[in-house]
Each structure stands twice: as C-alpha cells, then as structure tokens.
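In order, the protein sequence lines correspond to chains C and D.
Each position in the first sequence, counted from 1, maps to that position plus 64 in our numbering.
Each position in the second sequence, counted from 1, maps to that position plus 1377 in our numbering.
We put the CB at the ideal spot given by N, CA and C, even for glycine.
A quick note: this is a predicted structure, and the numbers were derived from the prediction, not measured.
For reference, the structure is listed below as structure tokens.
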Amino acid sequence: MVNNPDNIAWSPRGSLILCEDGSRNPQMIHGLTLDGTAFPFCANNMDFSATGMGSYTRPSGRVLSSNYTGSESAGATFHNEWLFFNIQSPGVTFAITGPWDNGAL
Amino acid sequence: MSLRHDDHLDIIRELAKGESAGRMDPHWSFSRRGFLKSSVASGAALAMPFSALSGKAHAVALPYSPDYGPLAPVADEVTGLPLLQLPAGFKYWSFGWTGDTMSDGRPTPGSHDGMAVVASDANKIVLVRNHEQGGTSGAFASPKVTYDPACNGGTTNLVFAPRLQQWVGAYASISGTIRNCAGGPTPWNSWISCEETTNGLHSGSAYTKQHGYCFDVPAVGAARPVPLTDMGCFSHEAVAVNPATGIIYETEDSTPSGFYRFIPNMPGNPAAGGRLQMMRLAAAHNASITLLGTSYGYFNTGAAGMVAGMSWDVELGGHRRAQQTLRFRHQLRWRARPGPDPGRLEHRARRRLLVRQRRDLCVLDQRRQRPPGPDLRLRSAPRDLYAGVRIERCERGQQP
C-alpha cells in the first residue's frame, strides 16, 4: 500500500499521482486509477553510500555520500507528456517522460 | 539542436522582466472570463471521477502496473547515474540540485517540496518550486523579493524546454519565508506558496515579521513579497483554486485543524483581500478547547474515532455579510457588539486566529492579548449563519 501519501497530482489520462512522505524505504511515487487500483510508478534509488553507487560530486563541489532512498518525494506535477517532481533530500528535481499511453497515467 | 551555453540567461532575464506573461498559457489553459478550456479539467468534470472510487469496497494495491510493468533502475540522462527506478521505456532528466548555481548566480536552496507547472508556451514550461526551509540564516533571494530578511524559506522558478528535452535554468523568486511546504497553482499563471508555521516576533528575536501566510508567486516577472493576510495566519498546507469562482480552498497542518475557503473580493486577485470561512460539520460537540480561561466546545473528527466509510454532513449557509465571516490581518482589533452584557471589549490578536465553531459561538484561539480588555465576549447568533457567530471587526480607532 501507499505509505503516507502527501502531494498529489492529476495525470493527463485522468489518474492520480501520489507522492509518499512516510517512513518506508525506498520512498516511492504511486499511480492511482479511477477504479481504485494503486501501483508503484517510481522509486527513489539515490544511494550514494559505499554500499550503493558510491560517492558523487556535483559541479558545485558538493559531495554526496549518504543513502537518500528514504527521502520524501514531493511536488509532482504533470504537463502533457512530462511529469515533474522533487526529492527533498539531497534536493533535486526530475523531469520524466515515456510511454504514458501504455497505461493509466 | 540544443541551447547554447548562455542561452539560458536570455530566457531567464526575459521571464524575470515579466514581458512575456501575456503570451503564456496558464497551467489550466483557463481564461479569466471563466471558460474552462483545459482538457484535463473538462474531462475530469465530465467523468465525475471520484464517484467510481466511492463505489469500491476497498482499493487494490498492485506490486506494479500490469501495463507499465515492473520498476528497475534507469540512468539519468544528465548525470548517467541510476537515481530513480522506473518502468521500462521511461527516461528522466535531473536538475536543480541543492547547491547548484542558478541562472541568477545564486546557489539553489534546499528542501525541495511542493511544486507545480504554472505557465507554458510552445517552447518552455515554467514551474515554481517550494523550499521548505525553516531557519534564520537569512534570505536566499534579492531584497526586492524578500519578506523577512532573517528567514531562509522561499521559492525558485524553473524553466524546462520540452521540445529540446532539457532544463533551461532557474532563479530565486521569493524568500524570507518559513517552511514553504505546499501550496497550489492558480489560473492566473502563478503558484500560491504557503508557510507551514505561525512563528513571528513573539517567538524569537531573529524574526522581523509575522509568519504563517500565503504568497502569490508569478511565473514571470518579480513576485511581490507581501503576504496574502486575508487568506489566514496559520500553519498552511495546500490551497486549491476553483477556476470557475476564484474561491480558494485551504488546508491546515496542525492538530486540531480546520478546512477553509477564502472568498476573494476580486476573483483572480487574492491580494485585494476577501473573507475567510471555516467548514462546519453538522455534528454534536465532542471536544473542547480552553481560551483565555473559557472553555468552548467543538466537533473533533479525531475524537470521534474515525473509521473507513464515516462521513459527516457539512452545514451550509448563505453568503452573508460581515457578521458571519472573519477577516484576518497581521494586526487585528476586535470589538464585540454589546449584547446581553452591555459594554464594549477590545482585543488585539497578533498572531494566529483559529476558528472553532459551535452552534452559536465562534472560538478565537488567541495567542496574545493587549490591554485593555481582559476577555472577548461573544454574542450568540442565529444558527443558520455559516460561521454561526456575530463578531464585528473594526479598524483601529473606529467606533462600532
């Protein structure tokens, strides 16, 4: 089930996107169709620890070396074939696109 | 084809000047005259979407969508790192990491939170993003768009070029606020950003202003760092604008909390003020709150022991004039009209004004009181008023 859904957004095909703000790890974004079917759509995979993908340094010089997969997603918003959302820690925004018409979102 | 290295500066400068506002569609493609053009909204209205959900005994949770398929790590188009897991066929572009230099030369703030697309044209999409920062290390935007120079919350505007599949740039749009958590997009090409707090001068020497307000952040042009005080001073969560009426519905992240609606004097222009009302349920009181030594009853859904399927009727009332509604201001002076007990009492509410409703009494959650006036006496009112209270608001120095 969905873990503390917080921000929500309509998708262009009339389903809902739900951002999780709970304690599950990894935090996820779910789709919810109008007939009540929920499914995970996206999972936070940002593990920069040594047991994950390893340390990552941004062009700004900021070094990321922690596991952020439990960080909340927020701010999901659709525009035509683009889904935008945020992950609060370490703080990053994503633009996602793909074969939306294959499914309910 | 892609943008040249410094193209983003020209695009961002143009947006910041606000000249292109008239040529961009709002997120809902909804004109100010009220004609609904957005295919999403019209489709949803026709389909009556939530009627389908209410008919189900329970929701079905699948491990993954049978149509999109299972999730697997996908490489970011920008960094090449597997930052997200997605179904096959989906691609993504990361942008705006905390610390990255924005188009205005400032570092990207942290704690990315609520966000929405607020305007678009053929070549670009403009988003406003909240930064839920609650510290007093100083504002991250220019003084021109800063409310309280001590506070480091605020918003940034982001620009994406969908045809080029690339991010264009970002800039700080408002700062000097506290914990910009959620909010909502508007049909007038803006994002209403909401502070999830009630801190202010009374709660710390660092603050220079009262907080707990909503701010209107435009897609283009400079924001006005002036709080929309009539939308209420409390721990805001989200807002939703009814595009047909301009009425703005507001949620509160507090315990207990209310569900509000703001009726603007000018639909589409919340800065012009309006009336704020709290929803009242047709249910007997089951809880009480003590304010200024007096206990007031109210209905608390949590105390009722919520179970799935419970519902309550909403008490409806007409749109009456000043007697039934309350106006919130940064500094407020109330006078109760003489009722059964003659004599006027004054009360100044400096901070949060929280309305709890009983059948005949409106409760004010006062955080500070200035003499004179040891108490606020409320006169009972007919039950058919929406707010159920007769409190008349006076400007400073006015006679009631």
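Check, Outcome
"Are the stretch 1480 to 1491 of chain D and the stretch 142 to 160 of chain C in contact at 8 Å, needing three or more beta carbon pairs?", "yes"
"Have a look at Ser-79 of chain C and Ala-1649 of chain D and give me their C-alpha separation to the nearest angstrom.", "35 Å"
"Compute the Euclidean distance between the alpha carbons of Ala-1452 of chain D and Val-1503 of chain D, then round it to the nearest angstrom.", "25 Å"
"Using the beta-carbon of each residue, which ones in chain C are nearer than 7 Å to Arg-1483 of chain D?", "Ordered by position in chain C, no residue passes the 7 Å Cβ test against Arg-1483 of chain D, which lies about 12 Å from the chain."
"7 Å is my cut-off, CB to CB: does Ile-160 of chain C come that close to chain D?", "yes"
"Candidates D:Phe-1676, D:Tyr-1441, D:His-1579, D:Gly-1482: which alpha carbon is nearest Thr-1632 of chain D's?", "D:Phe-1676"
"According to DSSP, is Ser-1580 of chain D part of a helix, a strand, or is it coil?", "helix"
"Report buried or exposed for Leu-1439 of chain D, applying the criterion of at least 16 other Cβ atoms within 10 angstroms of its Cβ.", "exposed"
"Cα-Cα, which of D:Ala-1516, D:Ile-1388, D:Lys-1521, D:Asn-1566 is closest to Ala-1583 of chain D?", "D:Ala-1516"
"Apply the 10 Å Cβ neighbour rule to Lys-1586 of chain D and answer buried if 16 or more other Cβ atoms are within range, or exposed otherwise.", "buried"
"Among residues of its own chain, excluding the 5 on either side of Ser-1570 of chain D, which ones have a beta-carbon nearer than 6 Å to its beta-carbon?", "Asn-1507, Thr-1532, Asn-1557, Gly-1560, Phe-1592, Val-1594"
"Using only CA atoms, which one of D:Thr-1563, D:Ile-1666, D:Ser-1567 lies nearest to Ile-1624 of chain D?", "D:Thr-1563"
"Which residue wins for smallest C-alpha separation from Val-156 of chain C, given the options D:Phe-1467, D:Met-1479, D:Val-1437?", "D:Met-1479"
"Should Gly-1682 of chain D go down as buried or exposed, given a rule of 16 or more other Cβ atoms within 10 Å for buried?", "exposed"
"Using a Cβ cut-off of 8 Å, pull out every chain C residue sitting near His-1489 of chain D, in sequence order please.", "Ala-138, Gly-139, Asn-150, Ile-151, Gln-152, Gly-155, Val-156, Thr-157"
"Chain D beta carbons: is any one of them nearer than 7 Å to that of Gly-116 of chain C?", "no"
"Using a beta-carbon distance below 7 Å, is Asp-1607 of chain D in contact with chain C?", "no"
"Per DSSP, Tyr-1626 of chain D is paired with what?", "D:Ala-1617, D:Arg-1638"
"Under 7 Å between the Cβ atoms of Gly-1651 of chain D and Asn-1663 of chain D?", "no"
"I need the straight-line Cα distance from Val-1779 of chain D to Trp-74 of chain C, nearest angstrom please.", "The question about residue 1779 of chain D has no answer, for chain D in this structure spans 1378 to 1777."
"Smallest Cα separation from Ala-102 of chain C: which of D:Pro-1443, D:Glu-1454, D:Thr-1667?", "D:Pro-1443"
"For Ile-93 of chain C, count the other beta carbons within 10 Å of its own beta carbon; 16 or more makes it buried, fewer makes it exposed. Which is it?", "buried"
"Quick one: what does DSSP say Pro-154 of chain C is sitting in, helix, strand or coil?", "coil"
"Using a Cβ cut-off of 7 Å, pull out every chain C residue sitting near Ala-1438 of chain D, in sequence order please.", "Met-65, Ala-102"
"Between Ala-1699 of chain D and chain C, is the shortest Cβ-Cβ distance under 7 Å, so that the two count as touching?", "With a pLDDT of only 30 at Ala-1699 of chain D, under the threshold of 50, the placement of this residue in the model should not be trusted; the figure read from the coordinates follows. No, Ala-1699 of chain D does not count as interfacial toward chain C."
"Skipping 5 residues on each side, what residues in its chain have a beta carbon closer than 7 Å to that of Asn-71 of chain C?", "Cys-83, Ala-138, Gly-139, Ala-140"
"Mark Trp-1689 of chain D as exposed unless 16 or more other C-beta atoms lie within 10 angstroms of its C-beta, in which case mark it buried.", "exposed"
"I'd like to confirm something about Thr-1456 of chain D: is its beta-carbon nearer than 6 Å to some heavy atom of the ligand MN, or not?", "As for the ligand MN, it is missing from this structure, which has no ligand bound."
"When DSSP labels each residue in this structure, what does His-1662 of chain D get in the three-state scheme?", "coil"
"What does Arg-88 of chain C touch in chain D if you count any residue whose Cβ is under 9 Å from its own?", "Under the 9 Å cutoff, chain D gives no residues; its nearest Cβ is about 13 Å from Arg-88 of chain C."
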